[in-house]
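In the numbering used here, the protein residues as written are 374 to 782. Backbone N, C-alpha and C define an ideal beta-carbon position, used for all residues, glycine too. Computed from a prediction, not measured in an experiment: that's the story for all the values here. All remarks here apply to the structure that follows.
Following this line, the structure appears as structure tokens:
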């Protein structure tokens with residue numbers, strides 16, 4: 374008898390009809406002999422509606438009270454799903470995050486989970502109940518309701534699965550698994566049967582929107598097998614798990630991309646110790662995260678320093694860079710907000726040479742110029758002009774034959 378945690382997002386529970394469909398699915402899993410915990414989000418659009426109401430009263434509502442308001446969205450869903458299960462003869466109990474004692478820190482609107490006292494869940498599972506838990510929320514040490522921020526319900530589900538030692542945590546969403554790349558860009562992209570935590574972390578951080586990175590980190594840390602499934606069609610989905618000993622891996626698992634990049638360059642600053650530090654401190658003082666960095670040294674004792682930031686931070690970063698550039702005596706400061714990052718990801722890279730050269734050859738063949746390069750053990754990222762994004766992704770997908778069943782090495 375398996376212990377399964379399932380999570381259903383806002384789209385999956387977006388109407389009474391869909392909540393009834395979820396109840397049918399949960400009953401099916403239980404009828405197969407599984408013990409079930411179900412974590413749900415608020416109905417789609419509900420959290421935004423609640424936040425809008427609060428901001429109608431005060432554009433900057435108190436974070437504590439905003440959490441109290443936002444947490445009601447999930448409370449409605451857990452009650453409705455429990456009613457739907459009971460109507461089907463399935464004994465079920467609903468719990469809010471605080472009732473399950475999901476203990477978080479006190480960072481309202483973006484709290485982090487510290488601990489879970491899962492005893493009530495275990496007791497009810499022993500009574501053969503299906504447990505329905507509100508995702509996205511918890512309580513701090515002072516008894517205040519907290520919410521976990523974007524993707525919080527995924528994190529709630531993984532944390533509960535870890536706390537009760539579940540056999541699998543299933544994330545139901547509006548896609549039927551993790552694909553080699555975005556099917557909207559490459560129609561013949563292939564759904565992967567499995568992917569490692571390491572690869573999924575890279576894919577999530579590099580632009581894949583299937584799973585929240587916090588949930589993947591949590592699952593990897595506590596060794597919780599994750600499966601991404603569709604709420605609307607049957608299928609095996611994609612299993613996210615550890616790399617197994619002796620299991621050969623495809624060289625490249627997927628291609629991720631981020632459209633929201635911007636590049637900034639300060640040219641002709643003195644090539645001396647501490648200059649890079651001064652530039653990056655000026656940017657970090659604006660609370661802006663820097664992604665890729667390249668430094669080129671000229672023969673005249675100066676250097677060009679280039680880095681990328683999120684496109685939303687472009688203007689603010691440029692203002693800070695111009696200021697520090699003047700202080701350092703830079704020749705000029707330039708920027709480009711029409712760039713994208715394209716990344717190859719695969720644990721098979723560790724044991725396979727020639728990936729970079731194949732990537733660069735495929736891009737060169739299509740006339741795509743590479744502006745910056747960044748590598749790690751299992752990824753290669755390049756910065757290119759935004760206008761070449763879809764061409765580049767398709768060319769790389771073809772070059773590495775990702776639409777076919779993967780070759781292992």
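{"Query": "Residue 690 at chain D interface by Cβ criterion, 8 Å", "Result": "No chain D appears in the structure shown, which is made up of a single protein chain."}
{"Query": "Three-way DSSP call (helix, strand, coil) for residue 417 in this model", "Result": "coil"}
{"Query": "Cα-Cα separation between residue 574 and residue 588, rounded to whole angstroms", "Result": "9 Å"}
{"Query": "Proximity of residue 601 and residue 519 at Cβ, strictly below 8 Å", "Result": "no"}
{"Query": "Distance, residue 424 Cα to residue 553 Cα", "Result": "35 Å"}
{"Query": "Sequence-distant residues of the same chain with beta carbon closer than 6 Å to residue 669, five excluded per side", "Result": "677"}
{"Query": "Beta-carbon proximity of residue 599 to residue 648, cut-off 8 Å", "Result": "no"}
{"Query": "Selection from 447, 486, 497, 644 that minimises the alpha carbon distance to residue 414", "Result": "447"}
{"Query": "Minimum length 3: unbroken beta strand (DSSP E) runs contained in the stretch 534-606", "Result": "541-546, 567-569, 599-603"}
{"Query": "Those runs of the beta strand (DSSP E) which lie wholly inside the stretch 454-527 and span at least 3 residues", "Result": "465-468, 475-477, 486-489, 503-507, 510-512, 518-520"}
{"Query": "7 Å CB neighbourhood of residue 619 in its chain, flanking five on each side removed", "Result": "Confidence at residue 619 is low in this model, with a pLDDT of 49, below 50, so its placement is unreliable and the value that follows should be read with caution. If we look at residue 619 and ignore the five residues flanking it on each side, it has no Cβ neighbours."}
{"Query": "Where residue 781 falls, given that 16 or more other Cβ within 10 Å makes a residue buried", "Result": "Annotation note: pLDDT 49 at residue 781 (below 50); position unreliable, no value reported."}
{"Query": "Unbroken alpha helix (DSSP H) run spanning residue 391, endpoints", "Result": "389-404"}
{"Query": "Reduced DSSP secondary structure (H/G/I, E/B, other) of residue 782", "Result": "In this prediction, residue 782 has a pLDDT of 46, which is less than 50 and means its spatial position is unreliable; nothing more can be read from the coordinates."}
{"Query": "Pick from 701, 489, 472, 686 that is closest to residue 538, judged by C-alpha positions", "Result": "489"}
{"Query": "Buried/exposed call for residue 765, threshold 16 Cβ in 10 Å", "Result": "buried"}
{"Query": "Inter-residue spacing [alpha-carbon to alpha-carbon] between residue 528 and residue 487", "Result": "12 Å"}
{"Query": "Assumed close pair residue 386, residue 416 - CB separation to whole angstroms, cut-off 8 Å", "Result": "6 Å"}
{"Query": "Assigned exposure category for residue 712 - 16 Cβ within 10 Å defines buried", "Result": "buried"}
{"Query": "According to DSSP, residues forming a beta bridge with residue 640", "Result": "705"}
{"Query": "Residue of 736, 376, 457 minimising C-alpha distance to residue 465", "Result": "457"}
{"Query": "Residue 689, DSSP secondary structure in three states", "Result": "helix"}
{"Query": "Whole-angstrom distance between residue 596 and residue 442, CA atom to CA atom", "Result": "33 Å"}
{"Query": "Reduced DSSP category for residue 671 - H, G, I as helix; E, B as strand; rest coil", "Result": "coil"}
{"Query": "Rounded separation between residue 747 and residue 411 - CA only", "Result": "40 Å"}
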